[in-house]
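Take 129 as the starting number for the sequence shown in our numbering and just add one per residue.
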Amino acid sequence: MDRNRRQTRGKIPLISVSPPSGREPPEARSEHLVSKERLPPPMEITDQEFELFRRLLEDEIGIVLKHSEKTLVANRLRERVRELHLSSYFEYYRRITEGATRVSDLSDLADALTTRKTDFFRHLSQMESFRTEMVPRLVAKLRSGESSSINIWSAGCSTGEEPYTLAVLLQETVPFPLWPAFSILATDVSPAAIRTATEASYPRRKLGDVSSDILTRYFEPAAGDGTVKVRQAVRRMIMFREHNLKSGIWAFGQFDVTFCRNVLIYFSKMFQEELIARFYAHLKPGGYLYIGHSETLQNFANPFQFVEPMVYRRPG
Ligand SMILES: C[S@@+](CC[C@H](N)C(=O)[O-])C[C@H]1O[C@@H](n2cnc3c(N)ncnc32)[C@H](O)[C@@H]1O
């Protein structure tokens, strides 16, 4: 891998933005004016309405909103309220909680209010340690006959960059005949995120700091517009599914490794604790849990062994 290039991550601008010229062509200016005039006045969200959405989101998805996020919530929901020809956020709330379309409305809410920030090779040092320390252990498990398959879960996978990174790292490290023994389940509560992940097409600039060797071997040019698509051999390793961690139904078996990175941070302490216990139960003895760099299990009584920052092990 081209480590030097990756270590420059963050220093290379990923998107080049042309500086404003200060002058727009007259037709563009008049278009702005026309569309602004046609827009109805911005709809305000009341404190009571915000409180209803705040509770709904925490009860149904686990995400805790801060009061300072009131405007953000209004901005993200406004379009939907207008599309549905509703006159207030309260009417939208009632539609979600009482209407026949409750399930799809809740999915829309998850699409609107979740933070889906993610990246290929995010937390690079953690990914490197997965490749150099963890993957050889998983291969040894297969070779010794201790396991006949290795199951990895990317919980809160957003638009797919995390599980695709894992699949690329596996293909880089695991001997080819063992590839079929590895599978990744990638889940997220946001249907829009899962759609993007399944399509597997990304703007080339999202991979700006990945070596050209990795780019050529694991991605192919897609639409001729600077989009690249993850190659079929990588996609084949992953199954994407919509799944709400807050739901009581976790119809999965046990995993060798679970990634739940940059997800816990959005939840209440109580829900984090509950989730940690459930992740534990859904790991095989000796399995590993990877979390995000601003997350920790240290604040909870839990049965995991600390391995290194952001990595925990179920004893066994
Ligand atoms: C910031 S992204 C993290 C993506 C990826 N794990 C990473 O670290 O790059 C958080 C993701 O968690 C998902 N999420 C939030 N609440 C969830 C829930 N209750 N169940 C499943 N996914 C959830 C969001 O939809 C979002 O895609």
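No residue lacks a Cβ here, since even glycine has one placed at the ideal position from N, Cα and C.
Given the structure is predicted, the values throughout are model-derived calculations rather than measurements.
query = Do the CB positions of Tyr221 and Val209 come within less than 7 Å of each other?
reply = no
request  = Please classify Ile224: is it buried, with 16 or more other beta-carbons within 10 angstroms of its beta-carbon, or exposed?
outcome  = buried
query = Got a sec, what are the start and stop residues for the alpha helix (DSSP H) Ala268 sits in?
reply = Val263 to Arg271
task = Using the DSSP secondary-structure output, state which residues sit across from Asn279 in a beta bridge.
result = Ser311
message = Would you say the beta carbon of Arg208 is closer than 6 Å to some non-hydrogen atom of ligand 1?
response = no
request  = Taking only heavy atoms of ligand 1 into account, decide whether any of them is closer than 6 Å to the Cβ of Lys357.
outcome  = no
query = Is it buried or exposed for Leu425, if we count other Cβ within 10 angstroms and need 16 for buried?
reply = buried
query = Under three-state DSSP, which class holds Leu425?
reply = coil
ask   = Should Val296 be counted as a contact of ligand 1 given a C-beta to heavy atom distance under 6 Å?
value = no
query = Distance, Cα to Cα, Val263 vs Gln254?
reply = 12 Å
Residue environment, Arg363, which counts as buried when at least 16 other CB atoms sit within 10 Å = buried
key: Backbone CA spacing between Pro413 and Pro443 [nearest angstrom]   = 6 Å
request  = Measure the C-alpha to C-alpha separation of Leu298 and Glu289 and round it to an integer number of angstroms.
outcome  = 14 Å
key: Three-state class that DSSP yields for Met171 in the structure shown   = coil
query = Quick one: is Phe434 buried, meaning 16 or more other Cβ sit within 10 Å of its Cβ, or exposed?
reply = exposed
Straight-line gap, Phe304 to Cys388 (C-alpha atoms, nearest Å) = 27 Å
key: Euclidean distance between Cα positions of Val385 and Tyr418   = 8 Å
task = Could you check what DSSP says for Ser286 in three-state terms: helix, strand or coil?
result = coil
task = Note down, one range per segment and in chain order, each alpha helix (DSSP H) of at least 4 residues found wholly within the region 181-229.
result = 198-211 and 217-226
Residue nearest to Lys334 in terms of C-alpha spacing, selected from Thr355, Arg271, Phe407 and Leu200 = Thr355
request  = Using the DSSP secondary-structure output, state which residues sit across from Asn348 in a beta bridge.
outcome  = It should be noted that the sequence gives Glu, not Asn, for residue 348. Answer is Lys357.
ask   = Nearest CA to the CA of Asp247: which residue from Leu214, Trp307, Val192 and Asp337?
value = Asp337
inquiry  = Quick check on Glu274 - is its C-beta less than 7 Å from some C-beta in chain D?
reply    = Protein chain content of the structure displayed is limited to a single chain, and chain D is not contained in it.
query = Taking C-alpha atoms, which residue in Gln360, Ser422, Tyr416 and Glu423 lies nearest to Pro431?
reply = Tyr416
key: Test item: CB-CB of Ala295 and Met365 under 7 Å   = yes
task = Return yes when at least one heavy atom of ligand 1 lies under 6 Å from the C-beta of Asp316, else no.
result = yes
query = For Pro431, does the three-state DSSP call read helix, strand or coil?
reply = coil
query = Around the Cβ of Lys198, are there at least 16 other Cβ atoms within 10 angstroms (buried) or fewer (exposed)?
reply = buried
message = Any heavy atom of ligand 1 closer than 6 Å to the beta-carbon of Val391?
response = yes
inquiry  = Could you compute how far the alpha carbon of Glu207 sits from the alpha carbon of Arg369?
reply    = 26 Å
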